[in-house]
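Novice:
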Amino acid sequence: MVKFSGAVATINDVARHAGVSKRTVSRVLNESSSVNEATRQRILEIIKELDYSPSAMAQGLASRRSYLIGMLFDDPNAAVIHSIQKGALKACAQHGYALVVKPIDFRSKDLIEEVIKFVRRSKLEGLIILPPISNNDQLANALVQNNIGYVRIGAKIIDDPSRMLISQDRLAMQQVVDTFVQAGRSNIAIVAGPQERLASSERLEGLKLALEQHGLALPSHYIAQGDFTYESGFECADALFDLELPPNAIFASNDQMAIGLIHKAQDRGVRVPEDVMVIGYDNDPMSARLRPSLSTLARPNELMAESAALRLIQNASSDQVAVPPEFDSFLPTLIHRQSTASM
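Going by this note's numbering, the sequence shown opens with residue 942, and the numbers climb by one from there.
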């Protein structure tokens, strides 16, 4: 039994206990065939006993690989970013990789140049790209031309399926409409997200299709245009509540707009859910703390990011990296709370 008193074992500790050079340990870690089997087994046993785990940087120096994956985002919702980072980090930790996160303005005229420089400077082995940046086809084409691996996360397939992970937002809207209709609500409205966002259009079109299946329509005056902010939800509520026949059920394309809408309803004496039921999207932490608490569609952000990272690691590594089949299809699920409670 190897005795080790240090807090964290290093490659030098492994080499010392095995009686070999650090280079020999590195060769074993990188599965080189130049180390004889007896030495290899002795080193592997000591690695196990010392609970040694090579850092991504150390592995990269030994193999001339970086063991780094990048993630691009432009989303003010900290809760969403946190869950996505958590999922990507889970996959990275399992395979000795590290994650480099870069916020970037998706409207920047220098977006493509910035991204290419980021990848080259950090020596990344691939990119996870979040919406709305993931909707940029010119960026995707530039990455292909520069031989940079990537996975886009989005709401609609706009690329080779091997390079995309999709949240089935259009299909998820069936759960929203079913909930409203089963509660006897037929005047159903939407606070839509920014028109340039694919997720916004997918949720809007999905709501229309789901309504059609119940023999209902979505009139234009029941579509209020928001921009994914609390303030826009607050303002859109007035436009809907001022109608001659106000809606008795509203889907807001994200939770921040839904929360703004509920607060305006309370200011105006409109009761939720008695007068109007409300459903949001994102499962923002505030949705459970709000009173009444907000029913919301929860997208599996953590699982999607883990799957995206595994795909990149699989493509960059010669090792067999399994990507479970359930990591290919992602359907948001409706969390029922007080804002849709039946009276």
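Yeah, the Cβ is synthetic: ideal placement off N, Cα and C, and Gly gets one too.
Report the residue ranges of all beta strand (DSSP E) runs contained in full by the segment 1054 to 1131; include only those spanning at least 3 residues, in chain order.
Specialist: For the segment 1054 to 1131, whole beta strand (DSSP E) runs of length 3 or above, ordered along the chain, are 1068 to 1070, 1091 to 1095 and 1105 to 1107.
Novice: With three or more beta-carbon pairs closer than 8 angstroms as the criterion, would you say the segment 1218 to 1235 touches the segment 1197 to 1208?
Specialist: yes
Novice: Measuring alpha carbon to alpha carbon, tell me which residue in Ala1130, Leu1152 and Ile1070 is nearest Gly1095.
Specialist: As a first step, residue 1095 is located in the sequence shown; it is residue number 154 there, counting from the start. Measuring from the Cα of Gly1095, the nearest candidate turns out to be Ile1070.
Novice: Going by C-alpha to C-alpha distance, which of Asn1195, Val1118, Gln1166 and Ser1194 sits closest to Ser1181?
Specialist: Taking the first residue of the sequence shown as 1, we reach residue 1181 at position 240. For the sequence presented, residue 1181 should be read as Leu rather than Ser. When only C-alpha atoms are compared, the closest one is Gln1166.
Novice: So within the segment 1218 to 1244, which uninterrupted alpha helix (DSSP H) runs reach at least 4 residues, ignoring any that extend past its ends?
Specialist: 1226 to 1230
Novice: What is the DSSP secondary structure of Leu1002, reduced to helix, strand or coil?
Specialist: Position 61 of the sequence shown, counted from the start, is the residue given in the question as residue 1002. With a pLDDT of only 47 at Leu1002, under 50, the local geometry of the prediction cannot be trusted, and the value read off the model is given with reservation. Three-state result, Leu1002: helix.
Novice: Give the DSSP-derived three-state secondary structure of Leu1159 in the structure shown.
Specialist: To locate residue 1159, count along the sequence shown from 1; it is residue 218. Reduced to three states, the DSSP call for Leu1159 is coil.
Novice: Taking the straight line between their C-alpha atoms, what separation do you get for Lys1058 and Arg1104?
Specialist: Position 117 of the sequence shown holds residue 1058. Position 163 of the sequence shown holds residue 1104. Their Cα atoms are separated by approximately 21 angstroms.
Novice: In the DSSP assignment, what are the bridge partners of Gly1011?
Specialist: Working through the sequence shown from its first residue, we reach residue 1011 at position 70. Note: Gly1011 sits in a beta bridge opposite Val1041 and Leu1068.
Novice: Suppose only complete runs of 3+ residues qualify. What are the beta strand (DSSP E) ranges in the segment 1159 to 1186, listed by chain order?
Specialist: 1164 to 1166
Novice: Out of curiosity, what's the CA-to-CA distance linking Met914 and Ser1248?
Specialist: With the chain covering 942 to 1284 only, the question about residue 914 has no answer from this structure.
Novice: Measure the Cβ-Cβ separation of Arg1062 and Ser1075 and say whether it is below 9 angstroms.
Specialist: As a working note, residue 1062 is residue 121 in the sequence shown. As a working note, residue 1075 is residue 134 in the sequence shown. Going by C-beta atoms, Arg1062 is not nearer than 9 angstroms to Ser1075.
Novice: Going by CA-CA distance only, name the one from Thr951, Ala956, Ile952 and Thr1281 that's closest to Asp1119.
Specialist: In the sequence shown, counting from the first residue as 1, residue 1119 sits at position 178. Answer by Cα proximity: Thr1281.
Novice: Taking Leu1272 as the reference, which of Met1114, Gln1123 and Phe1175 has the closest Cα?
Specialist: Residue mapping note: residue 1272 aligns to position 331 of the sequence shown, counting from 1. Looking at the Cα atoms, Met1114 is the closest of the given residues.
Novice: Just the Cα atoms here: how many angstroms apart are Pro1241 and His958?
Specialist: For the purposes of this step, residue 1241 is taken as the residue at position 300 of the sequence shown. For the purposes of this step, residue 958 is taken as the residue at position 17 of the sequence shown. Spanning the two alpha carbons is a distance of roughly 45 angstroms.
Novice: For Gln1123 and Ala1190, I'd like the C-alpha separation in whole angstroms.
Specialist: Here the question's residue 1123 lines up with position 182 in the sequence shown. Here the question's residue 1190 lines up with position 249 in the sequence shown. Their backbone Cα atoms lie some 12 angstroms apart in a straight line.
Novice: Label Met998 either buried or exposed according to how many other C-beta atoms from any shown protein chain fall within 10 Å of its C-beta, with 16 as the threshold for buried.
Specialist: For this step, residue 998 is matched to residue 57 along the sequence shown. Only weak support exists for where Met998 lies, its pLDDT of 49 falling under 50; the value from the coordinates is given anyway. By the neighbour-count rule (16 or more Cβ atoms within 10 Å), Met998 is not buried but exposed.
Novice: I'd like the list of long-range same chain contacts for Ile1276, defined as Cβ closer than 7 angstroms, with 5 residues on each side in sequence excluded.
Specialist: For this step, residue 1276 is matched to residue 335 along the sequence shown. Around Ile1276: Asn1224, Ser1236, Thr1237 and Ala1239.
Novice: Considering only residues of the same chain and omitting the five flanking positions on each side of Ala1032, which have a CB-CB separation below 6 angstroms?
Specialist: To locate residue 1032, count along the sequence shown from 1; it is residue 91. Same-chain partners within the cutoff: Glu1247, Ala1250 and Leu1251.
Novice: Do Tyr1163 and Asn1128 come within 9 angstroms of each other at the CB atom, strictly closer than that value?
Specialist: In the sequence shown, the residue the question calls residue 1128 occupies position 187. In the sequence shown, the residue the question calls residue 1163 occupies position 222. When the beta-carbon positions are compared, Asn1128 and Tyr1163 come within less than 9 angstroms of each other.
Novice: Could you give the first and the last residue of the continuous beta strand (DSSP E) run that contains Thr980?
Specialist: Working through the sequence shown from its first residue, we reach residue 980 at position 39. From DSSP, Thr980 is part of no beta strand (DSSP E) but of the alpha helix (DSSP H) over Glu978 to Leu991.
Novice: Between the Cα of Ile1089 and the Cα atoms of Gly960, Lys1064 and Lys1097, which residue gives the shortest distance?
Specialist: In the sequence shown, counting from the first residue as 1, residue 1089 sits at position 148. Of the candidates Gly960, Lys1064 and Lys1097, the one whose C-alpha sits nearest the C-alpha of Ile1089 is Lys1064.
Novice: With a cut-off of 8 angstroms on the beta carbons, I'd call Pro1072 and Ala1133 a contact; round off their distance for me.
Specialist: Start at 1 with the first residue of the sequence shown, and residue 1072 comes out as number 131. Start at 1 with the first residue of the sequence shown, and residue 1133 comes out as number 192. Pro1072 to Ala1133, Cβ: 16 angstroms. No contact.
Novice: Give me the DSSP bridge partner(s) of Leu1275.
Specialist: Start at 1 with the first residue of the sequence shown, and residue 1275 comes out as number 334. Per DSSP, Leu1238.
Novice: For Asp1078, which option in Phe1047, Leu1244, Asp1110 and Val966 has the closest C-alpha, if you only look at C-alpha atoms?
Specialist: Here residue 1078 is taken as the residue at index 137 of the sequence shown, counted from 1. Checked all of Phe1047, Leu1244, Asp1110 and Val966; the closest Cα to Asp1078 is Phe1047.
Novice: Bridge partners of Ile1191, per DSSP?
Specialist: Within the sequence shown, the letter at position 250 stands for residue 1191. Answer is Ala1130 and Val1219, bridged to Ile1191.
Novice: Please name the residue, chosen from Asp1179, Leu970, Gln1197 and Ala1158, that lies closest to Tyr912 on a Cα-to-Cα basis.
Specialist: In the structure displayed, the chain extends from 942 to 1284; residue 912 sits before or after that span and is not available.
Novice: Taking the CB atoms as reference points, tell me whether Gly1298 and Leu1184 lie closer together than 9 angstroms.
Specialist: In the structure displayed, the chain extends from 942 to 1284; residue 1298 sits before or after that span and is not available.
Novice: Do Val1085 and Leu1068 have their C-beta atoms within less than 9 angstroms of each other?
Specialist: As a position in the sequence shown, residue 1085 is number 144, starting the count at 1. As a position in the sequence shown, residue 1068 is number 127, starting the count at 1. No.
Novice: Hey, quick one: how far does the alpha helix (DSSP H) through Glu1146 stretch, first residue to last?
Specialist: Residue 1146 sits at position 205 when you count from the first residue of the sequence shown. Unbroken alpha helix (DSSP H) run through Glu1146: Leu1139 to Gln1154.
Novice: Does DSSP put Asn953 in a helix, a strand or coil?
Specialist: Within the sequence shown, the letter at position 12 stands for residue 953. Helix, per DSSP.
Novice: Locate the alpha helix (DSSP H) running through Ser1024, then write down its first and last residues.
Specialist: As a position in the sequence shown, residue 1024 is number 83, starting the count at 1. Per DSSP, Ser1024 belongs to the alpha helix (DSSP H) from Ala1019 to Gln1035.
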